[in-house]
Structures are given as C-alpha cells and as structure tokens.
Amino acid sequence: MSRFVISGESISVQSGSLVYCDTLENFVLDYGVAAPALPGGAVCQLYEPGVRHAYSDGSNVIAGGELPWSFGDDAISVLSDLIATRAARIGADVIPEPDGSVGSRRPVLVAASLAVNVAGGDIPSMAGVYNIGAAIYLDVGLYMMFFINPLSSPDYFPVLQDGAHAFEVVDQQTDYLIVQARDAGGSAVDVPRFSVQIFMF
Amino acid sequence: MGMGKLVCEVKINGEDVVKALTTATGINVGIFLKTQPGVGKPFWYWSSIPAGTVIAADFTNAPIVSSDVNANNAAIAAITVDPADVLTYAT
C-alpha cells in the first residue's frame, strides 16, 4: 500500500516497507518542492493512490482531493531517493531494502562468547555465551570452540578480538571453530581473554 | 548447571581424541552433551579436574549420553569417581 499523509507540521510518504517521515519544513529540503498548502480549515491530508484523497480538520473529513493526485504520485515514485536524501542530510546510514540479494541482507549473530579466559595452558572459564557450549586449549594461542547447536553451514564469519592480537581461523566447521592468536611478529601467543562473535547471512 | 570440565572424545581434523573441554558458565550441559560427544557416547564431567593436559580416559564405568536432557544431567550428578582415577595426563 502507498500513501501520502500530512498531519499538522509532519509529513509521511510510504510505499510497502519504505517510509519517509519528517517535518514539512525538512520535506522541502529533501524533495526540493514544498507540499501544496492544505485547504482552509484542514490540518490533515490522506492520499492513497486509487483509494482515497481526503482532507480533515482533525476529527472529520471536510473535503476531498484529486484522485489521482499527481503531486502525491510523484513523491511516492521517488520515495527511495527521498529517503536517501534525508539520510544524507542527517548523516544516517542508508539501509538497503531487504530484497534477499547480497548486500541487502543483515548478518545474523549465530554464536558468541564474549569472554573466553585463558591462563596456565588452559581455558579455565568462558562466559557470555550464545550457542557456544565449550572450549579447549589445544596449544599456545590455539583454541577450539564447540557450538551447542551445529550451524547450518560452515560458511560463517567469525569475528575475534582481544584488543591487542591478530586471530587467524585455522578450521571452521558446522560444529566447531579453531582459531590461532598471534603476536605482532606472527608468533603463536596466548591471550588472557578474547571474545568471538559468529555471523551468518 | 555451570562451568566445568567435560572429558570425552571429540573429532579434530578427522581424528577422535580424548580432550577436556571447559563448558561455558550457565549452559545446560545436558543439552550440550547431545552435540559433544553425542548421544550414545561415554563422558565424564566434573566441576574441576587437576591441572594438566588430559590425553586419555578410562570410560569403562562412564555414563553414556542420552537423548534425554534430564537423564544426562542426572547422570552428571551421579558421577562420584575421582578424576585422578580415570584420567591420564601428558607428562
């Protein structure tokens, strides 16, 4: 469903999941043209292409408008540009419309451990977990983590950090992940604590 | 159920090896057992074990992982054997 709505000093333009919403003043900045003034006594305008075009005083419909209405149709037709212009103006990220294509899908967190502690050639504890049930200290800087529920594919994206070292993924399978921590010289090194987050698309 | 040491066989690089896994704080170990080592496999579980690298374990009297989570947790609670009596450490 598409609609063009003015209510008081605000305006919204919607089509499907895309929504533009701002003040009438900012709409001029984003669209380049001011929305036509409402007829006398009206404070609200509702235009739905092919359905209705009405003006109200906030309680009752007091007048009808053109149907179709070219100004509303034009604004709706460039809604993506309108949203992008507004986003650029306020410095917001433009979130692509989720259509299933690469680049429009958000990564989903499928496993994490926010505190894997390492000491004395062992992993004495791990906490802050999501779908990671256990870990093994395999060797210096070499750690293995097991998922509680195996992932649907080994094509996931591990993000590891401890703030000081580089991590290399040694092996990633649907039921476990093995990582290697290295120092600036590339040598295997134990880190006192690290976190891991695993994403899939 | 909280953090502890799970001793069982795990497959690393295609090879089954006995390892001591540190389980995460707060997880339901009875559920995790169904993934590692898996239903039908023996295991040992303690809140802690002596320091060192476990390289083998005697699973003769060890509990077997069930598909029933409650049964797994009950089996853990019933473990009374001393880790030192069934675990072998690297020297």
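Chains as they are written, first to last, in my numbering: chain A, 1 to 201; chain B, 1001 to 1091.
Heads up, the beta-carbon is just placed ideally off N, CA and C, and yes, glycines get one too.
Residue i versus residue j - alpha carbon distance
i, j, result
"A:Val121", "A:Ala166", "A quick correction: the sequence has Gly, not Val, at residue 121 of chain A. Spanning the two alpha carbons is a distance of roughly 19 Å."
"B:Asp1016", "A:Asp183", "30 Å"
"B:Phe1032", "A:Val189", "29 Å"
"A:Tyr55", "A:Ala112", "52 Å"
"B:Ile1064", "B:Lys1041", "5 Å"
"A:Asp74", "A:Ala88", "21 Å"
"A:Pro192", "B:Ala1075", "33 Å"
"A:Asp22", "A:Ile76", "15 Å"
"A:Val170", "B:Ile1012", "12 Å"
"A:Ile90", "A:Ala84", "10 Å"
"B:Gly1014", "A:Asp30", "59 Å"
"B:Asp1085", "B:Pro1050", "11 Å"
"B:Val1039", "A:Arg106", "35 Å"
"A:Ser104", "A:Gln172", "25 Å"
"B:Met1003", "B:Asn1072", "16 Å"
"A:Asn117", "A:Val33", "59 Å"
"A:Val196", "A:Pro154", "16 Å"
"A:Gly100", "A:Ser17", "14 Å"
"A:Arg86", "A:Tyr156", "34 Å"
"B:Phe1059", "A:Asn131", "27 Å"
"A:Ser187", "A:Val102", "36 Å"
"A:Gly185", "B:Ala1077", "46 Å"
"A:Val51", "A:Ser59", "20 Å"
"B:Val1054", "B:Leu1087", "7 Å"
CB of residue i within 8 Å of CB of residue j, strictly
i, j, result
"A:Ser15", "A:Cys44", "no"
"A:Leu160", "A:Phe194", "yes"
"A:Ser2", "A:Glu48", "yes"
"A:Leu79", "A:Val13", "yes"
"B:Lys1005", "B:Ser1048", "yes"
"A:Met126", "B:Thr1035", "no"
"A:Gly133", "B:Ile1079", "no"
"A:Gly128", "A:Ala115", "yes"
"B:Gly945", "B:Val1081", "In this structure chain B extends from 1001 to 1091, so residue 945 of chain B is not present and cannot be described."
"A:Val110", "A:Leu142", "no"
"A:Ile198", "A:Pro158", "yes"
"A:Phe241", "A:Pro36", "The question about residue 241 of chain A has no answer here: the residues shown for chain A are numbered 1 through 201."
Close-in-space but distant-in-sequence residues of the same chain around residue i (CB under 7 Å, 5 per side omitted)
i, result
"B:Ala1062", "Pro1042, Phe1043 and Trp1044"
"A:Ile62", "Gly41, Ala42, Tyr55 and Ser56"
"A:Val19", "Ser12"
"A:Gly64", "His53 and Ala54"
"B:Thr1023", "Met1003, Gly1004, Leu1006, Val1029 and Phe1032"
8 Å CB neighbourhood of residue i in its chain, flanking five on each side removed
i, result
"B:Gly1052", "Tyr1089 and Ala1090"
"A:Gly163", "none"
"B:Leu1021", "Lys1005, Leu1006, Val1007, Cys1008, Val1010 and Gln1036"
"A:Glu25", "Glu9"
"A:Leu82", "Val13, Tyr20, Asp30, Tyr31 and Ala75"
6 Å CB neighbourhood of residue i in its chain, flanking five on each side removed
i, result
"B:Val1018", "Glu1009, Ala1056 and Ala1057"
"B:Pro1083", "Trp1046 and Ile1049"
"A:Val5", "Ser12 and Leu46"
"A:Leu138", "Met144"
"A:Ile136", "Met144"
"A:Val140", "Ala188 and Asp190"
"A:Glu168", "Gln180"
"A:Val207", "With chain A running from 1 to 201 in the structure shown, residue 207 of chain A is simply not present."
"A:Trp69", "Tyr47 and His53"
Q: Determine, using beta-carbon pairs with one atom in the stretch 171-186 of chain A and one in the stretch 141-150 of chain A, whether at least three such pairs fall under 8 Å.
A: yes
Q.
At a CB distance below 8 Å, what residues from the stretch 102-127 of chain A approach chain B? Give them in sequence order.
A. Ser113, Gly120, Gly121, Asp122, Ile123, Pro124, Ser125, Met126 and Ala127
**Q.** Interfacial residues, the stretch 143-158 of chain A to chain B, with Cβ spacing under 8 Å
**A.** Met144, Phe146, Phe147, Ile148, Asn149 and Pro150
Q: Pull out every residue of the stretch 1007-1026 of chain B whose Cβ sits closer than 9 Å to any Cβ of chain A, in chain order.
A: Val1010, Lys1011, Ile1012, Asn1013, Lys1019, Ala1020, Leu1021, Thr1022, Thr1023, Ala1024, Thr1025 and Gly1026
Q | Against chain A: residues of the stretch 1050-1068 of chain B by CB proximity under 9 Å | A | Ala1051, Gly1052 and Thr1053
(Q) Under 7 Å, CB to CB, which of the residues in the stretch 9-33 of chain A have a partner in chain B? (A) none
Q) Taking any Cβ of chain A, which residues in the stretch 1072-1089 of chain B have a Cβ under 8 Å from it, in chain order? A) none
(Q) Which residues of the stretch 1030-1051 of chain B have a Cβ closer than 7 Å to any Cβ of chain A? Give them in chain order. (A) Ile1031, Phe1032, Thr1035, Gln1036 and Ala1051
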